[in-house]
Amino acid sequence: LALHSAPPALSSDSSSPAVAPDLFWGTYRPHVYFGMKTRSPKPLLTGLMWAQQGATPGTPKLRHTCEQGDGVGPYGWEFHDGLSFGRQHIQDGALRLTTEFVKRPGGQHGGDWSWRVTVEPQALGTSALPLVSLFFYVVTDGQEVLLPEVGAKGQLKFISGHTSELGDFRFTLLPPTNPGDTAPKYGSYNVFWSSNPGLPLLTEMVKSRLNSWFQHKPPGDSPERYLGLPRFLKWEDRGPNGQRQGQGQFLIQQVTLKIPFSMDLVFESSSAQAGGNQALGQLAGSLLTQALESHAEAFRERFEKTFHLKEKGLSPEEQTLGQVALSSLLGGIGYFYGQGLVLPDMGVEGSEQKVDPALFPPLPLFSGVPSRSFFPRGFLWDEGFHQLVVQRWDPHLTREVLGHWLGLLNADGWIGREQILGDEARARVPSEFLVQRAAHANPPTLLLPVAHMLKGGDPADLNFLRRAFPRLHAWFSWLHQSQAGPVPLSYRWRGRDPALPTLLNPKTLPSGLDDYPRASHPSATERHLDLRCWVALGARVLSQLAEKLGETEAAAELGPLAASLEAEESLDELHWAPDLGVFADFGNHTKAVQLKPRPPQGLVRVVGRPQPRLQYVDALGYITLFPFLLRLLDPNSPHLGPLLDVLADSRHLWSPFGLRSLAASSPFYGKRNSEHDPPYWRGAVWLNINYLALGALHHYGHLEGPHQTQAAKLHSELRANVIGNVWRQYQATGFLWEQYSDQDGHGMGCRPFHGWTTLVLLIMSEDY
1 LALHSAPPAL SSDSSSPAVA PDLFWGTYRP HVYFGMKTRS PKPLLTGLMW
51 AQQGATPGTP KLRHTCEQGD GVGPYGWEFH DGLSFGRQHI QDGALRLTTE
101 FVKRPGGQHG GDWSWRVTVE PQALGTSALP LVSLFFYVVT DGQEVLLPEV
151 GAKGQLKFIS GHTSELGDFR FTLLPPTNPG DTAPKYGSYN VFWSSNPGLP
201 LLTEMVKSRL NSWFQHKPPG DSPERYLGLP RFLKWEDRGP NGQRQGQGQF
251 LIQQVTLKIP FSMDLVFESS SAQAGGNQAL GQLAGSLLTQ ALESHAEAFR
301 ERFEKTFHLK EKGLSPEEQT LGQVALSSLL GGIGYFYGQG LVLPDMGVEG
351 SEQKVDPALF PPLPLFSGVP SRSFFPRGFL WDEGFHQLVV QRWDPHLTRE
401 VLGHWLGLLN ADGWIGREQI LGDEARARVP SEFLVQRAAH ANPPTLLLPV
451 AHMLKGGDPA DLNFLRRAFP RLHAWFSWLH QSQAGPVPLS YRWRGRDPAL
501 PTLLNPKTLP SGLDDYPRAS HPSATERHLD LRCWVALGAR VLSQLAEKLG
551 ETEAAAELGP LAASLEAEES LDELHWAPDL GVFADFGNHT KAVQLKPRPP
601 QGLVRVVGRP QPRLQYVDAL GYITLFPFLL RLLDPNSPHL GPLLDVLADS
651 RHLWSPFGLR SLAASSPFYG KRNSEHDPPY WRGAVWLNIN YLALGALHHY
701 GHLEGPHQTQ AAKLHSELRA NVIGNVWRQY QATGFLWEQY SDQDGHGMGC
751 RPFHGWTTLV LLIMSEDY
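If you're matching positions, the sequence shown starts at 1 in the UniProt record's numbering and goes up one per residue.
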């Protein structure tokens, strides 16, 4: 529960407006459809809610947080540069919303910014145009001052405010206009002001206050009824349960009118205005239109210069998919702050049940998220893949993200695999997943972008790596020591599920591959192939980094370890299964297990004959390929050919949509793990492993050896299959998906999944 003593990779004020003004404000609330906040432990937050009035009886559906099953979608960022500009489209039934923002630097507090929200009918020629309410809100998290200036009929002229980090500032919501026009359009206004009830309760608080009927009466039009917040501004210091809620304020303006319309919200910092922004004019109306268009054009140019998709002959539609992938990943970056729940490592497996979880010290995290609707928080092994994409676009952003993740290191060198920091993040996680166990690891994928930095040699990257090295070394050392296996140079994931009678094959969540079949009977004798390969990759990258930085002591330790782990004789001895003709896990195993119905318990695991014994685990799939995926094999290795043959065989891993996670020939293929647990890594196509496979095929296709031609041919075919399927599913649904069916290619799992599925962009640009 103590933090690591090594100097931080980033300075303690690295997120402040003084040090990083361009990153202080951002769309760092990925779980809401549209909102911004400051990179601060006590941020100023802004957000948008909306509702279509009269579409359903009773209270209208209030949209605010991204939800998997709320019927909204597709949605995602068309453009987002990760810094100062973005444009997002959201489809909600008959409505199409476009949310845009642009920042204007200046002053000492992070500068100014403006939003534009446009609401239009989804279909052209819609006769009955619906009445829509937009709700713009501001939330403070402490003693900050907000002073609303009220005009006529519930309309706020502006909100002025002051915080220690932002100085003086002002919000102005301009009157609605027709899209692309400057003539004002009639809107009805309502307003609500109270103490902050707690961020997870904002939606419910607004719903509970939408309890009065009002009339929307544009001049010359017949009136229409709508449900609204109060008409007059009145401070309410009590939450929904009658108790005074914590500190901070919540101020929300409701604007109701007929679509189509646009509204601009302007945030102006006093120091930015005084520093010259005032002379530029308010960033709204035609000035905002110009700024948005010039940013969009600059994005397109920079995108092609970075990824070369047009130059590589990809179609305009595929180029658009690439832009959406990058933008949605960047638009999903969040800033979180809080205390995680940790179960300490007592040093003896099985003893952890005797201690209670405790709170980790409060820490910030700046990180991408796998899915805004389903996983809107930081995941350790996902983030390494995310940053492979981000660093090609903006290396500085990647340094910021890696520095924050390394800031989570505990005194032993452990980083929790899932970061649930702050009330908003915690409110969205089932209680059984809240606690992180300090004995459990996760694949060290942050070393993939580190390896890319090493290859590139950018001086700013090397300076960062010099500061980060003690933490990277401590993290790797913890992994190498804490996950050591039963014999030298073997490794075993701690934290497999116990062998419960309801589970077909106990899961190994720390591996990231969850329900991928391992030894049928968990034991301390297991040797996990994927983990050994991850440790080998880590030793290689850290030893190269130590050499580069002149860290002679660390290099003397890491170099021999890397050489031992990369020696093929040692890998053969521990993981080559002659009977199977491939690499494999080793453990106490039998194939004779299946789930059978046994009333009243439901499905129960039945073990037949042969009984389990110590042997190699016959589970052909992604794990089989790991020595190849992480490029640990010599191009002349006698094992490379058999792995390529398995990969290319449609009876095993090859599908028209990408490599499947588990061979179609496996007895576990497509099988449920329990009555309530459908297959996850048991056949579906996953983009992160397909990216590693394509990188390995590209690598061996460019090295002289007996398999060079085969690897190059497979690279070309697999690349076409993966890009083609992701593109078709995006065309059909408007989403990138968590995984894809190996049967017909359709998207599966959660969506939108703008995490590692965005690697399709690097696959298109052949950047491995």
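Glycine included, C-beta positions come from ideal geometry on N, C-alpha and C.
Cβ neighbours of residue 753 in the same chain (closer than 7 Å, five flanking residues each side left out): Closer than 7 Å at Cβ, skipping near neighbours: 370, 371, 736, 737, 738.
Cβ-Cβ distance between residue 492 and residue 528 below 8 Å: In this structure, the beta-carbon distance from residue 492 to residue 528 falls below 8 Å.
Reference residue 766, options 201, 266, 389, 381, closest by Cα: Of 201, 266, 389, 381, the residue nearest in Cα terms is 389.
CA nearest to the CA of residue 94, picked from 67, 120, 103, 296: The candidate whose alpha carbon is nearest that of residue 94 is 120.
Nearest to residue 497 (by Cα), restricted to the options 487, 490, 516: If we check each option's Cα against that of residue 497, 516 comes out closest.
Beta-carbon contacts of residue 218 that lie in its chain and below 7 Å, excluding the five residues immediately before and after: For residue 218, same chain residues with a beta-carbon under 7 Å away, outside a window of 5 residues either side, are 186 in chain order.
Segment contact, 8 Å Cβ cut-off, at least three pairs: the region 135-147 with the region 37-52: Contact holds: three or more Cβ-Cβ distances are below 8 Å.
Between the CA atoms of residue 434 and residue 367 - distance to the nearest angstrom: About 18 Å.
Residue-level contact to chain B via CB, residue 364, 8 Å cutoff: Protein chains in the displayed structure number just one, and chain B is not present.
For residue 331, the three-state DSSP class (helix, strand or coil): Correct three-state label for residue 331: helix.
Given residue 235 as reference, the closest of 281, 30, 148 once Cα atoms are compared: Closest by alpha carbon: 148.
Collapsed DSSP secondary structure at residue 390 in the structure displayed: Reduced to three states, the DSSP call for residue 390 is helix.
Inter-stretch contact at 8 Å, needing at least 3 Cβ pairs: the region 16-33 / the region 329-346: Yes: the two stretches touch, three or more of their Cβ pairs being nearer than 8 Å.
As assigned by DSSP and simplified to three states, the class of residue 188: Strand at residue 188.
For residue 534, the three-state DSSP class (helix, strand or coil): The answer is helix: DSSP assigns residue 534 an H, G or I state.
Residue ranges of each alpha helix (DSSP H) within the region 416-450, 4 or longer: Listed in chain order, they are 423-426.
With 16 other Cβ atoms within 10 Å as the buried cut-off, status of residue 181: With fewer than 16 other CB atoms across the displayed protein chains lying within 10 angstroms of its CB, residue 181 is exposed.
Beta-carbon separation (whole angstroms), residue 194 vs residue 250, contact threshold 8 Å: In this structure residue 194 is in contact with residue 250, their Cβ atoms being roughly 5 Å apart against a cut-off of 8 Å.
Cβ contact (3+ pairs, closer than 8 Å) linking the region 393-403 and the region 2-17: They touch, by the three-pair rule.
Beta-carbon proximity of residue 620 to residue 589, cut-off 8 Å: No, these two residues do not count as a Cβ contact at 8 Å.
Three-state secondary structure (DSSP) of residue 691: Look at residue 691 here: in three-state DSSP terms it is helix.
Selected residue, minimal CA-CA separation from residue 396, among 62, 23, 18: Answer by Cα proximity: 23.
Host beta strand (DSSP E) of residue 75 (start-end): DSSP places residue 75 inside the beta strand (DSSP E), whose first and last residues are 75-80.
Runs of alpha helix (DSSP H) wholly within the region 255-309 (minimum 4 residues, chain order): Within the region 255-309, the complete alpha helix (DSSP H) runs of at least 4 residues are 285-307.
C-beta atoms of residue 135 and residue 206 nearer than 8 Å: In contact: residue 135 and residue 206 (Cβ atoms closer than 8 Å).
Cβ-heavy atom distance, residue 407 to the ligand HEM, below 7 Å: With respect to the ligand HEM, the structure shown offers nothing to examine, as it has no ligands at all.
Enclosing alpha helix (DSSP H) for residue 472 [first to last residue]: Here the alpha helix (DSSP H) through residue 472 covers 459-482.
Residue 51, DSSP secondary structure in three states: Strand at residue 51.
DSSP beta-bridge partners of residue 207: Residue 207 is not bridged by DSSP to any residue.
Spatial neighbours of residue 555 in its chain, beta-carbon cut-off 8 Å, leaving aside the 5 residues before and after: Contacts found: 543, 546, 547.
Contact check, residue 658 vs residue 768, beta carbons under 8 Å: Contact: no.
Opposing strand residues paired with residue 769 [DSSP bridges]: The displayed coordinates of the chain run from 1 to 768. Any statement about residue 769 would go beyond what the structure contains.
Alpha-carbon spacing of residue 322 relative to residue 63, whole angstroms: When rounded, the distance between both Cα atoms is 28 Å.
Residues near residue 642 by beta carbon distance below 7 Å, same chain, minus five either side: Taken in chain order, the residues that qualify are 581, 582.
For residue 728, the three-state DSSP class (helix, strand or coil): Helix at residue 728.
Status (buried if at least 16 other CB within 10 Å, exposed otherwise) for residue 534: Buried, because 16 or more other Cβ atoms sit within 10 Å of the Cβ of residue 534.
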